[in-house]
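> In the numbering used here, the protein residues as written are 28 to 335.
My structure is below; once you've seen it, I'll send some questions.
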Ligand SMILES: NC(=O)c1ccc[n+]([C@@H]2O[C@H](COP(=O)([O-])OP(=O)(O)OC[C@H]3O[C@@H](n4cnc5c(N)ncnc54)[C@H](O)[C@@H]3O)[C@@H](O)[C@H]2O)c1
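Shown next, in the form of structure tokens:
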């Protein structure tokens with residue numbers, strides 16, 4: 028198949044490109060390189076079935092493909108808050124452009140949505156049927172509401188125009204090729220530990236997150252795209268919960284670092300707890316994460332150590 032991956036030079040996108048090339052597909056990787064890096068796909072550039080296109084999803088694009096994975100969107104708070112209006116445009120116009128293309132060329136199109144659509148959830152863990160608890164006017168809203176509107180567009184194109192959609196709600200994912208110091212907790216802790224700097228824990232560190240290793244997540248996306256039972260939304264993430272304090276301690280143990288753990292005030296709208304209910308993914312995709320936090324952290328630490 029010919030497959031378009033928007034945001035294909037980013038963290039998740041580049042792993043997805045690797046996987047799709049490995050599965051024998053032709054891949055068109057479209058990215059404006061805002062948070063993505065050519066280095067992430069450098070090893071693919073000479074591959075005969077791989078093509079890199081520098082383009083912004085806010086502007087329409089034409090390409091003959093069988094499938095589209097729409098991953099283009101900055102995902103970490105400092106990046107999506109850098110230009111919040113552009114973030115909304117990327118989510119909303121990007122979705123419209125992908126859906127318009129999918130409609131024209133009759134491609135199946137998958138949206139990389141997010142657990143942020145649940146906001147600061149009052150239901151725990153979050154099933155897909157939960158509508159969320161989202162602040163529409165806060166600093167995180169450009170991302171959360173942009174992604175919610177993109178989901179709306181996906182379902183409206185599906186209902187109105189019979190576009191063959193899939194919607195994945197991705198929970199915190201980590202692994203090699205995350206950007207250092209981009210405000211995501213796993214890469215922050217690893218980089219701080221490797222540099223011998225104090226590990227910054229916000230609040231008292233009791234807030235929990237669940238972390239999914241990138242290979243597991245990519246497997247979930249590919250399975251969601253391949254099956255025809257459901258269009259989604261489908262939660263993809265690892266339900267194992269860890270407190271930030273525990274994650275900091277584990278990172279120190281695995282890096283052999285001697286840094287201190289320091290506490291800072293919690294940022295606004297920071298969810299206290301976030302955990303996917305993956306019943307739907309288990310049932311329809313026969314999917315569950317396989318890589319435990321310790322094994323995944325070791326691989327991620329090895330990557331950051333090598334990058335220096
Ligand atoms: N990593 C996670 O934990 C996570 C969780 C939930 C959802 N997601 C979603 O998955 C997708 C990929 O996230 P990621 O973690 O790989 O982040 P990332 O920032 O590494 O990747 C996003 C990619 O999109 C590109 N991009 C941004 N704006 C663009 C635009 N206007 N036009 C073209 N390309 C553009 C960036 O350059 C980058 O390569 C995002 O849509 C994100 O919202 C990720």
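The beta-carbon is built from N, C-alpha and C at its ideal position, and this holds for glycine as well.
(1) Is residue 45 helix, strand or coil by DSSP?
(2) Is the CB-CB distance between residue 142 and residue 301 below 7 Å?
(3) Just to confirm before moving on: does the CB-CB distance between residue 288 and residue 275 stay below 7 Å?
(4) So does residue 225 have its beta carbon nearer than 6 Å to some heavy atom of ligand 1?
(5) With DSSP run on the structure shown, which of helix, strand or coil describes residue 247?
(6) Counting only the same chain and skipping the five closest in sequence on each side, list residues whose C-beta sits under 6 Å from that of residue 291.
(7) Provide the residue span of the alpha helix (DSSP H) that contains residue 108, from first to last.
(8) Give the straight-line distance between the Cα atoms of residue 331 and residue 216, rounded to the nearest whole angstrom.
(9) Mind pulling the alpha helix (DSSP H) runs of 4 or more residues that sit fully within the region 222 to 306?
(10) Do residue 123 and residue 31 have their C-beta atoms within less than 7 Å of each other?
(11) With distance defined between alpha-carbon atoms, name the residue in 128, 299, 252 nearest to residue 87.
(12) Within 6 Å: the Cβ of residue 101 and any heavy atom of ligand 1?
Looking at the atomic coordinates:
(1) helix
(2) yes
(3) yes
(4) no
(5) helix
(6) 227, 229
(7) 104 to 109
(8) 11 Å
(9) 241 to 253, 271 to 282
(10) no
(11) 128
(12) yes
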